[in-house]
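Numbered as in the numbering used here, the sequence shown ends at 309 without a single skipped number.
Below is one structure; the comments refer to it alone.
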Amino acid sequence: MSDAVRFEDKVVIVTGAGGGLGRAHALLFARHGARVIVNDLGGSTHGDGANASAADRVVAQIREEGGTAIASHESVTEGEKIVQQALDTFGRVDVLVNNAGILRDKSFHKMEDSDWQQVYQVHVEGAYKLTHAAWPHLREQNFGRVIFTSSTSGIYGNFGQSNYAMAKLGLYGLTRTLALEGRRHNILVNAIAPTGGTRMTEGLMPPEVFGLLKPELVSPLVVYLGSEQCLDSGGLYEVGGGWVGKVRWERSLGVGFDPHRGMSVEDIAKEWANIGNFEQAVHPADNIEALREMMNNLQKYQHGSTSNL
Ligand SMILES: NC(=O)c1ccc[n+]([C@@H]2O[C@H](COP(=O)([O-])OP(=O)(O)OC[C@H]3O[C@@H](n4cnc5c(N)ncnc54)[C@H](O)[C@@H]3O)[C@@H](O)[C@H]2O)c1
C-alpha cells in the first residue's frame, strides 16, 4: 500500500490563507490533491481593513501549479458563509483549518474593551462560526478533520497578550470537547501551537532565526492532521523550524484530606510543598482520569473516619 497522503475526493477550507502560515497550508493541501477554499479578509495584523488580493494571489498560485482552489474574502466572523461557499462550489466540506488571526498586544492595565473583543471575535467566534456551520455536514458524511490554531502564548502565557492567550487556550478547550463529541462520527479534532516567521512575528526575533522558521515547516503537520491516515484526536502539537512535539497535561498526585473532617487553611499551608510535588505526577487524558485521585480519596475515607491525617 502506498504511504502517499492524498485528498483527491476532499474539500478543505483554510482560513487566513492569504499569507503566512495559512497560505503555506493551502498550497500544501492543494499539492496533495485537495480542492481548497482559500479564505482571507486581507486586513492588517491589527485587524483593520480588507483586501481581496491576498486570497486571490494564493488561488492563482495554486491554479498555476495545476491545483483546484477558489477564493473567499469573508471574515471568519461570518464563517457560515465560507462553509456555504464550499458547499455551493464543491458540494462538500471535509477538512477545516481554523487559522485566521490578528493581534492586539497590550499589557492588561492598558487593554481596551475593543482590543479584547476584536481578538476574541476573530480567533474564537470566527473558529466557532466555521466549525459550527461545517459540523452537521461532517457528521452526516461520517468524516471530518478540524484543526484549530492555538499558541504557546495561550499554553504558557505571554506578557502583553492576555486577550490573545485567553482566546488561544480557549480554542484548546474547544478542541478537547469537540474531539469527544466528534469521535463517534469520525470527526477528529486537533490543535497546533505553531511558530513561524510571518508578518505576525516579524521583528520579534533575530532575522536569521526568522528566516529559518519558514511557514512551510508547519504545514506538513497540519496536512497530516487533516488526512484520513491520522487517527489521533484531541491532541495539541507545538511545531516550527522543522520540529514537532506533543503537549499533554501533567498534574501532581496531590494530597488527600478526610472529607468528613474537612481541612483548615493551616492544613493547606502545611501540605503546600506536597500539593505541588510533581515527583509522582499523573497525566490525565480525560475528565474521568482527572477525577481518579479525588475519587480514591473519597473511597479511602468512605466509612466516615475521623482519624488524624
Ligand atoms: N507566526 C507564529 O509564530 C504564530 C504563533 C502562534 C500562533 N500563530 C497563529 O497562527 C495563525 C496564522 O498566523 P500567521 O503567523 O500566519 O499570521 P498572518 O498575519 O500572516 O496570517 C493571518 C491571516 O489571517 C487573516 N485574517 C485576519 N483576520 C481575519 C478574518 N477576520 N477573517 C479572515 N481572515 C482573517 C489575515 O489577513 C492574515 O492573512 C494565527 O491564528 C496566529 O495567531 C502564529
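We treat Cβ as the ideally placed atom computed from N, Cα and C, and that holds for glycine.
All figures in this text were calculated on a predicted structure; none of them were measured in a lab.
Original post:
Does DSSP put I102 in a helix, in a strand, or in coil?
Top reply: I102: coil per DSSP, three-state reduction.
Original post:
Regarding Y164 and ligand 1, is the C-beta to nearest heavy atom distance less than 8 Å?
Top reply: Residue side-chain check: Y164 places its Cβ nearer than 8 Å to a non-hydrogen atom of ligand 1.
**OP:** Determine the burial state of S114: buried for a count of at least 16 other Cβ atoms within 10 Å of its Cβ, exposed for fewer.
**Re:** With fewer than 16 Cβ atoms within 10 Å of its Cβ, S114 is classed as exposed.
Subject >> Where the alpha helix (DSSP H) through E289 begins and ends >> reply: Boundaries of the alpha helix (DSSP H) harbouring E289: 287-290, taken from the DSSP string.
Subject >> ligand 1 heavy atom lying under 8 Å from the CB of T131 >> reply: In this structure, T131 has its CB at a distance of at least 8 Å from all heavy atoms of ligand 1.
Original post:
Regarding G211 and ligand 1, is the C-beta to nearest heavy atom distance less than 8 Å?
Top reply: Remark: the shortest separation between the CB of G211 and any heavy atom of ligand 1 does not fall under 8 Å.
**OP:** Please list, in chain order, all residues of the same chain as A343 whose beta carbon is under 8 Å from its beta carbon, the five residues on each side excluded.
**Re:** There is simply no residue 343 to check, as the chain begins at 1 and stops at 309 in what is shown.
Subject >> N190, buried or exposed, once every other Cβ within 10 Å from all chains shown has been counted against 16 >> reply: So N190 counts as buried.
Subject >> Q161, DSSP secondary structure in three states >> reply: Note: Q161 maps to strand in three-state DSSP.
Original post:
In whole angstroms, what is the alpha-carbon distance linking G18 and V122?
Top reply: Whole-angstrom Cα-Cα distance: 15 Å.
Original post:
Opposite W243 in the DSSP bridges: which residues?
Top reply: W243 is bridged to G240.
Subject >> Beta-bridge partners of T198, as assigned by DSSP >> reply: Looking at the DSSP assignment, T198 forms no beta bridge with any residue, so it has no partner.
Original post:
Sorted by chain position, which residues of the same chain lie with C-beta nearer than 7 Å to K310's C-beta, five sequence neighbours on each side aside?
Top reply: The displayed coordinates of the chain run from 1 to 309. Any statement about residue 310 would go beyond what the structure contains.
Original post:
Helix or strand or just coil, what does DSSP make of A63?
Top reply: A quick correction: the sequence has Arg, not Ala, at residue 63. DSSP places R63 in helix when its eight states are reduced to three.
**OP:** Count the other CB atoms, across all protein chains shown, that sit within 10 Å of the CB of Q117; report buried if there are 16 or more and exposed otherwise.
**Re:** Taking all protein chains in view, the Cβ of Q117 is surrounded by fewer than 16 other Cβ atoms within 10 Å, so the residue is classified as exposed.
Subject >> Contacts around L309, its chain only, beta-carbon distance under 7 Å, and the 5 residues preceding and following it disregarded >> reply: In this predicted model, L309 has a pLDDT of only 43, less than 50, meaning its place in the structure is not dependable enough to derive any value.
Original post:
What residue ranges within the region 40-86 form continuous alpha helix (DSSP H) runs of no fewer than 4 residues, ordered along the chain?
Top reply: If only uninterrupted alpha helix (DSSP H) runs of at least 4 residues are considered, those enclosed by the region 40-86 are 53-64.
**OP:** Report the three-state DSSP secondary structure of G262 (helix, strand or coil).
**Re:** In the structure shown, G262 sits in coil (DSSP, three-state: anything other than H, G, I, E or B).
**OP:** Give every residue of the same chain whose Cβ lies closer than 6 Å to the Cβ of L225, excluding the five residues on either side of it in the sequence, and list them in chain order.
**Re:** Closer than 6 Å at Cβ, skipping near neighbours: I147, N190.
Original post:
Residues in its own chain within less than 7 Å of I155 by CB, not counting five upstream and five downstream?
Top reply: Result list for I155: L169, A193, V247, in chain order.
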